[in-house]
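Undergrad: Protein chains in written order, with our numbering: chain A, 6 to 354; chain B, 6 to 354. We put the beta carbon where it would ideally sit given N, CA and C, even for glycine. If you're wondering where the values come from, they're calculated on a predicted model, not measured in any experiment. Just passing along the structure, written as structure tokens.
Number of protein chains: 2
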Amino acid sequence: MDKSRNRRPTIIDVAEHAGVSKSTVARVLAGSSSISEDARDRVMKAVAATGYERNHLAVGMRSGRSGLLGIVIPDITNPFWAGVARGAQDRAAEHNISLLVFSSDWDAGKEARHLRALRQARVDGAIINPVADNFDDLSRFGLPFVFIGSSAERFSDVSSVGSDIAQAVRLGMEHLFSRGHTRPAFILGPRSRLARARFLRTVHDFCVERDIDPAVLAMEDAEYTVEGGKAAMERLLARRGRGYLSVFAANDLMALGAMMAVREAGLSCPEDVSILGFDGIPAGAFAWPGLTTIEKPSREIGVRAVDCLLDEIAGRPEHGRVYMPCRLIERGSLADLTATAPKMVAAGR
Amino acid sequence: MDKSRNRRPTIIDVAEHAGVSKSTVARVLAGSSSISEDARDRVMKAVAATGYERNHLAVGMRSGRSGLLGIVIPDITNPFWAGVARGAQDRAAEHNISLLVFSSDWDAGKEARHLRALRQARVDGAIINPVADNFDDLSRFGLPFVFIGSSAERFSDVSSVGSDIAQAVRLGMEHLFSRGHTRPAFILGPRSRLARARFLRTVHDFCVERDIDPAVLAMEDAEYTVEGGKAAMERLLARRGRGYLSVFAANDLMALGAMMAVREAGLSCPEDVSILGFDGIPAGAFAWPGLTTIEKPSREIGVRAVDCLLDEIAGRPEHGRVYMPCRLIERGSLADLTATAPKMVAAGR
DNA sequence: ATGAAAGCGCTAACAA
DNA sequence: TTGTTAGCGCTTTCAT
Chain A
6 MDKSRNRRPT IIDVAEHAGV SKSTVARVLA GSSSISEDAR DRVMKAVAAT GYERNHLAVG
66 MRSGRSGLLG IVIPDITNPF WAGVARGAQD RAAEHNISLL VFSSDWDAGK EARHLRALRQ
126 ARVDGAIINP VADNFDDLSR FGLPFVFIGS SAERFSDVSS VGSDIAQAVR LGMEHLFSRG
186 HTRPAFILGP RSRLARARFL RTVHDFCVER DIDPAVLAME DAEYTVEGGK AAMERLLARR
246 GRGYLSVFAA NDLMALGAMM AVREAGLSCP EDVSILGFDG IPAGAFAWPG LTTIEKPSRE
306 IGVRAVDCLL DEIAGRPEHG RVYMPCRLIE RGSLADLTAT APKMVAAGR
Chain B
6 MDKSRNRRPT IIDVAEHAGV SKSTVARVLA GSSSISEDAR DRVMKAVAAT GYERNHLAVG
66 MRSGRSGLLG IVIPDITNPF WAGVARGAQD RAAEHNISLL VFSSDWDAGK EARHLRALRQ
126 ARVDGAIINP VADNFDDLSR FGLPFVFIGS SAERFSDVSS VGSDIAQAVR LGMEHLFSRG
186 HTRPAFILGP RSRLARARFL RTVHDFCVER DIDPAVLAME DAEYTVEGGK AAMERLLARR
246 GRGYLSVFAA NDLMALGAMM AVREAGLSCP EDVSILGFDG IPAGAFAWPG LTTIEKPSRE
306 IGVRAVDCLL DEIAGRPEHG RVYMPCRLIE RGSLADLTAT APKMVAAGR
């Protein structure tokens, strides 16, 4: 009889091969300590001989742990979110856990469907960038989860991890000032976005500390896109007085758009206009000049999110909100106005 | 007794609630036709009332179908692969299937570990961009799978989907010639890469058709990186004769690097040098001038890969190798030399 | 330290 | 059309 043909070996095959019982094999596999040297040895050999591989479906069914985690992000195609997913995936792999990835496209319907899929797959927990304002689905999600991203702040009682916007903006402001840009203009995101308020608050605080009236600073609202940034810069250019223009854009896409507007106006960056971005997307490195920007630690956010989630699953105390620090990447789009002869910083990529 | 508290409802709860047997519920859920109106109705109501959600673990265990697919790509952080993953994910979702995503970093060890994870998760099939030359692991993978990417061609007997390099290169050559670049130089990938040979073969064929001796064309080898492209362009610049230089780079990163070299040499693109890329990465849109390039259909590759895989799983005839057509994206890095006064093409992004 | 046996939630014969 | 029953491969008491 070829009952073993074309059939993946089970714990029973291993047990027979090793001359022990199912339970002994299971115990060895689970790393139990109450096992004799001899038994462990024979089981390991039998595992190797049969080519046995644990069936996570069966394990999950019995133990209630699927060994699966889910992550729902807006779009895996967006470099920031790809970084988050990558970090999460790597950290999960360290724990021998696999990751189910879903893109919601900021669509509440898709989000709901993905969450259902996660529940049906019996994931042990989920990392979610929430899009739905109606949080009923999530609140009764019935599964451990942690939020990621700034929109997560809407739900104060859920632990979450995101970038430290306040620290990042302060970093940007300090850099701007240290390079002599003491009256920067701003291109902000849409008023509806939570991140915008936090951004502005930090700017205000910073200004107050330096005895500057924030009302003096030019501000433009824009969509978080290249086109939005471009249009905003055109407006800024139109109403600028004499003198040098410095711009702090609330994301890199808008900053890149602003750079285009500068070029199309026959001006150049950083000779006539300086631009500081925010995000750290790879494309900023290829622009000319390279975009000076503040990088959000996407990968680390994913890593920490998994750590939090694993803690949550294990029933360990909640983390509350975790803010990851951002860092400045100096490239060529921001001039150093403090140099005696307005010298430009080396414009690398 | 609160035996229902904190416990997800099972098919049995639904059956009790509906006053039918487990099997009837299962049949309704599976969409069987031999079900009375009445029974179906009551089951559906019971499902809604209990908040029942199918346990895919249990389904998978019994039926041998986990409802999971796996994808192993080099790096989810790379825009091309992110596109592939996104396409695969979307298509899988249409079939109510979830996707396990892994990044191999072109590391055979990691690849092997990911494949093991896939087997243990009992995925129904896998989409793989193979890195291991030693294919033993894969050949006895014991699971339906399809390869993606050009490296997949090494394994002729496995069905795979990738971009149509021959069509793409021909498209590029035709565009070059139609714009008056009849003696382009090339920046190619490393000699070890399979894609390189295919690229060159098409170039040769094209030249032969036009009675051009391919040996006349300048060619440089480089790593598939910005630095590689930059160095290659510097060499090209050093040995160029008089006259206009046109370059066809075998990937966008190298093309972008080449653009940097041009700028640093005090030359400008496309006034002094024209550059054509290959890949269609987003960063090309932000470079200045925008990079004219040939776009690989990353998303579609993912979509098709899932289609193939599903066919393979269903035991339907194999697809062999599927080649997806690429398309030209015109931006500003390629001059139109045929215009009376060497007029540049509008340099959009 | 080890084995026997029960059962996780579901599907798939087999009966009725 | 519907119900009964026997597992899928594993973990986990409970004995021994």
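Mind checking if B:E58 is an interface residue toward chain A, Cβ cutoff 8 Å exclusive?
TA: For the purposes of this step, residue 58 of chain B is taken as the residue at position 53 of the second sequence. Closer than 8 Å to some Cβ of chain A, the Cβ of B:E58 qualifies, so yes.
Undergrad: Grab me the residues of B:Q172's own chain with a C-beta within less than 6 Å of its C-beta, minus the 5 sequence neighbours each way, in chain order.
TA: Position 167 of the second sequence holds residue 172 of chain B. For B:Q172, where only same-chain residues beyond five positions count, the Cβ hits under 6 Å are P330.
Undergrad: I'd like the span of the alpha helix (DSSP H) that includes B:D110, first residue to last.
TA: Here residue 110 of chain B refers to the residue found at position 105 of the second sequence. It is not in any alpha helix (DSSP H) - B:D110 carries neither H nor E in the DSSP assignment.
Undergrad: Residues of chain A with CB under 9 Å from B:R268, in chain order?
TA: As a first step, residue 268 of chain B must be located in the second sequence, where it is residue number 263. Those within 9 Å of B:R268 in chain A are W293.
Undergrad: Considering only the beta carbon of each residue, do A:D112 and A:D80 sit closer than 8 Å?
TA: Walking along the first sequence from the start, residue 112 of chain A turns up at place 107. Walking along the first sequence from the start, residue 80 of chain A turns up at place 75. Cβ distance not < 8 Å, so A:D112 and A:D80 don't count as in contact.
Undergrad: Excluding the 5 residues flanking B:V136 on each side, which residues of the same chain have their C-beta closer than 6 Å to its C-beta?
TA: Locating residue 136 of chain B in the second sequence gives position 131, counting from the first residue. These residues qualify, in order along the chain: S109, W111, A113 and E116.
Undergrad: Please report the straight-line C-alpha distance between B:F253 and B:K301, rounded to a whole angstrom.
TA: Locating residue 253 of chain B in the second sequence gives position 248, counting from the first residue. Locating residue 301 of chain B in the second sequence gives position 296, counting from the first residue. B:F253 and B:K301: Cα-Cα distance of roughly 15 Å.
Undergrad: Out of B:A122, B:A340 and B:D226, point me to the one whose CA is closest to B:L73's CA.
TA: Residue 73 of chain B sits at position 68 when you count from the first residue of the second sequence. The shortest Cα separation from B:L73 among B:A122, B:A340 and B:D226 belongs to B:A122.
Undergrad: List, in chain order, every chain B residue whose beta-carbon is nearer than 9 Å to that of A:P84.
TA: What you label residue 84 of chain A is simply residue 79 of the first sequence in a count that begins at 1. Per Cβ cutoff of 9 Å: T82, P84, A87 and P287.
Undergrad: Of all Cβ atoms in chain B, is any one closer than 8 Å to the Cβ of A:G325?
TA: If you number the first sequence from 1, residue 325 of chain A lands on position 320. Chain B contact via Cβ: absent.
Undergrad: Give every residue of the same chain whose Cβ lies closer than 7 Å to the Cβ of A:H22, excluding the five residues on either side of it in the sequence, and list them in chain order.
TA: For the purposes of this step, residue 22 of chain A is taken as residue 17 along the first sequence, with counting starting at 1. Around A:H22: A51, A54 and T55.
Undergrad: Quick one, which of B:G282, B:K27 and B:S71 has its alpha-carbon nearest B:L193's?
TA: Locating residue 193 of chain B in the second sequence gives position 188, counting from the first residue. Closest by alpha carbon: B:G282.
Undergrad: I'd like to know if B:F107 contacts chain A, where contact means its C-beta is closer than 8 Å to some C-beta of that chain.
TA: As a position in the second sequence, residue 107 of chain B is number 102, starting the count at 1. Chain A contact via Cβ: present.
Undergrad: Note down the Cα distance separating A:E158 from A:V308, rounded to an integer number of angstroms.
TA: Taking the first sequence and counting its residues from 1, the one referred to as residue 158 of chain A is at position 153. Taking the first sequence and counting its residues from 1, the one referred to as residue 308 of chain A is at position 303. Looking at the two C-alpha atoms, the distance is approximately 19 Å.
Undergrad: Can you pull the DSSP bridge partners for B:Y328?
TA: Residue numbering aside, residue 328 of chain B sits at position 323 when the second sequence is read from its first letter. Bridge partners of B:Y328: B:G167.
Undergrad: For the beta strand (DSSP E) that contains A:G154, what are its first and last residues?
TA: Your numbering for residue 154 of chain A matches position 149 in the first sequence. Where A:G154 is concerned, there is no enclosing beta strand (DSSP E), given that its DSSP letter is neither H nor E.
Undergrad: For the alpha helix (DSSP H) containing B:G92, name the first residue and the last one.
TA: Working through the second sequence from its first residue, we reach residue 92 of chain B at position 87. Unbroken alpha helix (DSSP H) run through B:G92: P84 to E99.
Undergrad: Return the first residue and the last residue of the alpha helix (DSSP H) that B:G289 is part of.
TA: Stepping through the second sequence from its first residue, residue 289 of chain B is reached at position 284. From DSSP, the alpha helix (DSSP H) with B:G289 extends over A288 to F291.
Undergrad: Quick one: is B:G129 buried, meaning 16 or more other Cβ sit within 10 Å of its Cβ, or exposed?
TA: The residue labelled residue 129 of chain B in the question sits at position 124 within the second sequence. Checking the sequence, you will find Asp at residue 129 of chain B rather than Gly. With 16 or more other Cβ atoms within 10 Å, it is buried.
Undergrad: Let me know the secondary structure DSSP gives A:G2 once reduced to three states.
TA: A query on residue 2 of chain A cannot be resolved here, the shown segment of chain A reaching from 6 to 354 and no further.
Undergrad: Counting only C-beta atoms, is A:M259 closer than 8 Å to chain B at any point?
TA: Residue numbering aside, residue 259 of chain A sits at position 254 when the first sequence is read from its first letter. Answer no: the Cβ-Cβ gap between A:M259 and chain B never drops below 8 Å.
Undergrad: Residues of chain B with CB under 8 Å from A:H61, in chain order?
TA: Here the question's residue 61 of chain A lines up with position 56 in the first sequence. Result: Q125, A126 and R127.
Undergrad: Let me see if you follow: with CB-CB separation under 8 Å, is B:R12 close to chain A or not?
TA: Here residue 12 of chain B corresponds to residue number 7 of the second sequence, with the count starting at 1. Not closer than 8 Å to any Cβ of chain A, the Cβ of B:R12 fails to qualify, so no.
Undergrad: Within 10 Å of its beta-carbon, does B:A344 have 16 or more other beta-carbons around it, so buried, or fewer, so exposed?
TA: Taking the second sequence and counting its residues from 1, the one referred to as residue 344 of chain B is at position 339. Under this definition B:A344 is an exposed residue.
Undergrad: Do A:I318 and A:P84 have their CB atoms nearer than 8 Å?
TA: What you label residue 318 of chain A is simply residue 313 of the first sequence in a count that begins at 1. What you label residue 84 of chain A is simply residue 79 of the first sequence in a count that begins at 1. The answer is no: Cβ separation not under 8 Å.
Undergrad: Assuming A:L250 and A:L241 form a contact by the criterion Cβ under 8 Å, report the distance between their Cβ atoms to the nearest whole angstrom.
TA: Numbered from its first residue, the first sequence carries residue 250 of chain A at position 245. Numbered from its first residue, the first sequence carries residue 241 of chain A at position 236. Right, the Cβ-Cβ distance comes to about 7 Å (below 8 Å), so this counts as a contact.
Undergrad: Which residue's Cα is closest to the Cα of B:D257: B:A98, B:R244, B:Y229 and B:T15?
TA: Looking up residue 257 of chain B in the second sequence gives position 252. Of the listed residues, the one whose Cα sits closest to B:D257 is B:Y229.
Undergrad: Would you mind telling me which residues of chain A sit closer than 8 Å to B:G65, beta carbon to beta carbon, in chain order?
TA: The sequence position of residue 65 of chain B within the second sequence is 60, counting from 1. The contacting residues are L62.
Undergrad: Could you name the residues of chain B that A:S71 contacts, counting a contact when the two beta carbons are closer than 7 Å?
TA: In the first sequence, counting from the first residue as 1, residue 71 of chain A sits at position 66. The contacting residues are L62.
Undergrad: Nearest-angstrom Cα distance between A:T298 and B:R206?
TA: Position 293 of the first sequence holds residue 298 of chain A. Position 201 of the second sequence holds residue 206 of chain B. The alpha-carbon atoms of A:T298 and B:R206 are separated by roughly 42 Å.
Undergrad: DSSP three-state label for B:E58, please.
TA: The residue given as residue 58 of chain B occupies position 53 in the second sequence. The answer is coil: DSSP assigns B:E58 none of H, G, I, E or B.
Undergrad: Which word fits A:S39, buried or exposed, when buried means at least 16 other C-beta atoms lie within 10 angstroms of its C-beta?
TA: As a position in the first sequence, residue 39 of chain A is number 34, starting the count at 1. So A:S39 counts as exposed.
Undergrad: Under 9 Å Cβ-Cβ, which residues of chain A neighbour B:R121?
TA: For the purposes of this step, residue 121 of chain B is identified with residue 116 of the second sequence, where counting begins at 1. Correct list: E58.
Undergrad: For the beta strand (DSSP E) holding B:F253, just list the boundary residues, first then last.
TA: Counting from 1 along the second sequence, the entry for residue 253 of chain B is found at position 248. Note, B:F253: beta strand (DSSP E), L250 to A254.
Undergrad: I'd like to know whether the C-beta of A:S338 is nearer than 8 Å to at least one C-beta of chain B.
TA: For the purposes of this step, residue 338 of chain A is taken as residue 333 along the first sequence, with counting starting at 1. A:S338 does not count as touching chain B.
Undergrad: Give me the DSSP bridge partner(s) of B:D226.
TA: For the purposes of this step, residue 226 of chain B is taken as residue 221 along the second sequence, with counting starting at 1. In DSSP, B:D226 forms a bridge with B:L193.
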